[in-house]
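Protein chains in written order, with the working numbering: chain A, 506 to 705; chain B, 506 to 705; chain C, 506 to 705. The block underneath contains the structure these notes are about, expressed in structure tokens.
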């Protein structure tokens, strides 16, 4: 079940990368690389920083296949992606929840402090998108107003609270991911944005 | 003493990141991430490249706390940061000196050639700012005209000259950091800039 | 022979970095860093991702010397680089071929799947240029239309086909590099470009 959600999330991230790249009128190779980096960038950065190398996707080819499929789907349905916007946002929210949990777990595995684990969860879920935006010449959207990474941080706090109360892993995963996914969907639906901070 | 200077430097870097991010009208999360990355980015890149993982700030939570404090101070005093400009530049110069020495020492610890150690000192002190500028959609200011990284390189040369002459570590640290800090402050005060190189 | 080609490629990459940086009117330090990063960036990213640290150029100072020479040549002949354009493109194509093979070999050494090895070859040859463009505030040229990374991918496929047929390493290297270099030169000469993918 969790693995299925991970596949959905990976594909959604790849498609969001492909979409951003097509908006920038890149060539097919550029679209593919941006799809790839969006999907695995967060996990790669996490693995590099905790010293888990070769990084995840190099040892688990399934990621590569899923991204290729996501890339092909994005190219084929590129004229219709606007109509599929709602599904894409849903899948993306799933990715956000699942990737945060994966990052949290990797941090626990290496024996890091909960605060650092929350940082790793956030990096895993969000930094693929950050690298995507940088490669496309944009200031990362999650730094501007989007309620996105903030949810990973709060999701991580929920996770460690429940863990402290010794709930089962299943409960931990379920509650944390439902928390992140549902708040993300509400943020999109009700157009919740973070205010900007200005110093002038 | 050195540790106190490191705290000052870390906080100054975090505040410089927050300031740049607020100039770009980012949201609070974006401001925090940019503050964080500016403060730890150089050391993170260094640690990753020499294989010292998990990277420094994951094992030493004090960095995280200092950055959080720097971030809160920057938000609270955001309207007054212009008046605090001089103090910030002083603290930033302290960070430049201290971080260069930390980078040099890590390189020596891994047994690398002095040339590479100088590169590591420069990366430690300067690349947080490079990543800050990239994330904010700017060409890094230290590549454009600022006399900044050049001082880390010369500071590193001074360091290894004195080390070759078998001076104490205390003397090494003192002379190198005073060298970098004082030249940096003079560069700011007397508006020394590097010329640009044009090929047209 | 292969080592000589590697030197040519490294120098060509350093000069292409210096050239891009000078077009952006950076200062000498900025030009040097961009030259450096263009030459070693791809290999550094590869080494970091497979956990081969300290990364290559830290242990092999010859790279540093070659880049310094390339940087000095680029500065000295900066007014004449346009006339040297053809030589530079030739050298750059050599770098593309040689760096791809180095990346492929490193992947095999770590025991990775051929698909991942091809990715590593492509990263080694192309991502120095990607980082160069990002640092200069541009969307990477190889994502836009240039037939460049695509050749590394096809070159990698040729490499593994021949390897599967148990050809000698010498033959592998020769055919793969000639394949990449000649197609790259033809792409430049006949102005072959990849089409862009648009979704509107």
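No residue lacks a Cβ here, since even glycine has one placed at the ideal position from N, Cα and C.
Practice problem: Find the residues of chain C that neighbour residue 548 of chain A, judging by a C-beta separation of less than 7 angstroms, and give them in chain order. | Solution: Neighbours of residue 548 of chain A on chain C: none; closest Cβ ~11 angstroms, over 7 angstroms.
Practice problem: If I'm right that residue 530 of chain A touches residue 701 of chain C with Cβ under 8 angstroms, what's the distance once you round it to whole angstroms? | Solution: Correct: roughly 4 angstroms between the Cβ atoms.
Exercise. Between the Cα of residue 517 of chain A and those of A:534, A:541 and A:528, spot the shortest distance and give me the residue it belongs to.
Key: A:541
Exercise. Using a Cβ-Cβ cut-off of less than 9 angstroms, list which residues of the region 536-560 of chain C approach chain F; keep chain order.
Key: The chain inventory of the structure shown lacks chain F, comprising the protein chains A, B and C.
Quiz item: Do residue 659 of chain C and residue 628 of chain C have their C-beta atoms closer together than 9 angstroms?
Solution: no
Quiz item: Using a Cβ-Cβ cut-off of 6 angstroms (strictly less than) and excluding sequence neighbours within five positions of residue 522 of chain A, which residues of its own chain qualify?
Solution: 539, 540, 543 and 637
Quiz item: What residues in the region 559-588 of chain C have a beta carbon less than 7 angstroms from any beta carbon of chain B?
Solution: 559, 560, 563, 566, 569, 580, 583, 584 and 586
Self-check item: Beta-bridge pairing of residue 698 of chain C - partner residues as DSSP gives them
Solution: C:651
Self-check item: Spatial distance of residue 573 of chain B from residue 698 of chain C (CA atoms)
Solution: Straight through space, the alpha carbons of residue 698 of chain C and residue 573 of chain B are spaced by roughly 48 angstroms.
Quiz item: Whole alpha helix (DSSP H) runs in the region 521-571 of chain B with 4 or more residues, listed along the chain?
Solution: 533-555 and 561-564
Exercise. With DSSP as the reference, label residue 611 of chain A as helix, strand or coil.
Key: helix
Self-check item: Spatial distance of residue 643 of chain C from residue 605 of chain C (CA atoms)
Solution: 24 angstroms
Quiz item: Residues of chain A with a CB under 8 angstroms from the CB of residue 640 of chain B: which are they?
Solution: 635, 639, 644, 645 and 648
Practice problem: Step through the CB atoms of chain B and report whether any lies within less than 9 angstroms of the CB of residue 701 of chain A. | Solution: yes
Quiz item: Counting contacts by CB-CB distance shorter than 9 angstroms, is residue 528 of chain B in contact with chain C?
Solution: no
Practice problem: Indicate whether at least one CB of chain B lies closer than 9 angstroms to the CB of residue 655 of chain A. | Solution: yes
Quiz item: List, in order along the chain, the chain C residues whose C-beta lies closer than 9 angstroms to that of residue 617 of chain B?
Solution: What residue 617 of chain B touches in chain C, judged by beta-carbon distance under 9 angstroms, is 559, 563 and 564, going in chain order.
Practice problem: Just confirm the distance between the C-beta atoms of residue 589 of chain C and residue 582 of chain C, as a whole number of angstroms; I'd bet it's less than 8 angstroms. | Solution: 7 angstroms
Exercise. Measure the C-alpha to C-alpha separation of residue 663 of chain A and residue 679 of chain A and round it to an integer number of angstroms.
Key: 11 angstroms
Quiz prompt | Within chain A, partners of residue 620 of chain C - CB distance below 7 angstroms | solution = Simply 566 and 569.
Quiz prompt | Nearest residue (CA-CA) to residue 691 of chain A, options A:677, A:510 and A:598 | solution = A:598
Quiz item: Whose C-alpha, out of A:611, A:584, A:525 and A:586, is nearest the C-alpha of residue 556 of chain A?
Solution: Residue 556 of chain A has its Cα closest to that of A:611, out of A:611, A:584, A:525 and A:586.
Quiz item: Which value, in whole angstroms, describes the spacing of the CA atoms of residue 669 of chain A and residue 532 of chain B?
Solution: 31 angstroms
Practice problem: Compare the C-beta of residue 610 of chain B with all C-beta atoms of chain C and state if any pair is closer than 9 angstroms. | Solution: no
Quiz item: Are the Cβ atoms of residue 626 of chain B and residue 608 of chain B separated by less than 9 angstroms?
Solution: yes
Quiz prompt | Residues near residue 631 of chain A in its chain [Cβ-Cβ closer than 7 angstroms; skip 5 each side] | solution = For residue 631 of chain A, where only same-chain residues beyond five positions count, the Cβ hits under 7 angstroms are 547, 647, 653, 654 and 657.
Quiz item: Can the beta-carbon of residue 520 of chain B be found closer than 9 angstroms to that of residue 624 of chain A?
Solution: No. Outside cutoff.
Practice problem: Compute the Euclidean distance between the alpha carbons of residue 514 of chain B and residue 551 of chain B, then round it to the nearest angstrom. | Solution: Whole-angstrom Cα-Cα distance: 17 angstroms.
Self-check item: CB-CB length for residue 554 of chain C against residue 560 of chain A, believed under 8 angstroms
Solution: 5 angstroms
Quiz item: Going by the C-beta, is residue 533 of chain A closer than 8 angstroms to any heavy atom of the ligand ZN?
Solution: Annotation note on the ligand ZN: not contained in the displayed structure, which lists no ligands.
Self-check item: Own chain residues within Cβ distance below 6 angstroms of residue 619 of chain C, not counting five before or after
Solution: Only 665 meet the Cβ criterion.
Quiz item: Cα-Cα, which of A:603, A:537 and A:696 is closest to residue 578 of chain A?
Solution: A:537 is the residue among A:603, A:537 and A:696 whose C-alpha sits nearest the C-alpha of residue 578 of chain A.
Quiz item: With respect to the alpha helix (DSSP H) encompassing residue 637 of chain C, which residues constitute its N-terminal and C-terminal limits?
Solution: 619-640
Quiz item: Would a C-beta distance cut-off of 9 angstroms place residue 704 of chain A and residue 696 of chain B closer than the cut-off?
Solution: no
Quiz item: Out of C:693, C:672 and C:634, which has the shortest C-alpha to C-alpha gap to residue 549 of chain C?
Solution: C:634
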